[in-house]
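Take a look at the structure below.
Residue numbers (the numbering used here): 2 to 132.
Here it is, written out as structure tokens:
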């Protein structure tokens with residue numbers, strides 16, 4: 002500010018967001034032999050935000066457009082004591098992301114391998130990626 006003072010504002014005071022979506026999970030296979038139960042899921046949601054203040058600031062991790070859709074699929078399965086989890090997501094007209102994780106229990110020790118890859122333009126404020 003010109004006089005050197007500071008003004009604090011919150012996004013909740015400047016924007017209103019409407020978020021609508023769903024996630025469905027389907028049990029694809031029962032446990033059989035060396036394979037554990039296998040599940041496949043699908044997610045779709047849309048976000049529309051409205052500028053309440055008229056300022057029009059860009060928000061980090063939000064797509065530059067005022068509304069966007071995100072869709073993706075995921076799976077969970079196991080094989081011979083290894084557990085596998087994976088997810089692929091896309092922000093409509095923007096970037097992609099994918100994530101894979103493998104876990105193996107060995108007595109008191111859990112071995113975990115995790116890999117994720119997000120495109121530079123994967124703007125998704127609701128993505129809670131694993132580290």
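Just so you know, even glycine gets a beta-carbon here, dropped at the ideal spot from N, CA and C.
- Taking 8 Å as the cut-off, the beta carbon of residue 47 is found closer than this to the beta carbon of residue 70.
- If you draw a straight line from the Cα of residue 28 to the Cα of residue 72, it is about 19 Å long.
- Closest by C-alpha distance to residue 92, out of 114, 81, 119, is 119.
- Closest by C-alpha distance to residue 87, out of 35, 105, 5, 115, is 115.
- If you ignore the 5 residues before and after residue 36, its C-beta comes within less than 6 Å of the C-beta of 80, all in its own chain and listed in chain order.
- Sequence-distant partners of residue 82 (beyond 5 residues in either direction) whose C-beta falls short of 8 Å from its own C-beta, in its chain, are 105, 106.
- Taking C-alpha positions only, residue 110 is separated from residue 101 by approximately 20 Å.
- 8 Å or more divides the Cβ of residue 122 from the Cβ of residue 99.
- 8 Å or more divides the Cβ of residue 39 from the Cβ of residue 7.
- Judged by beta-carbon spacing, residue 74 lies within the 8 Å limit of residue 42, meaning their Cβ atoms are closer than that value.
- Assignment of beta strand (DSSP E) within the region 81-132, counting only whole runs of 3 or more residues, yields 83-92, 97-107, 110-119 in chain order.
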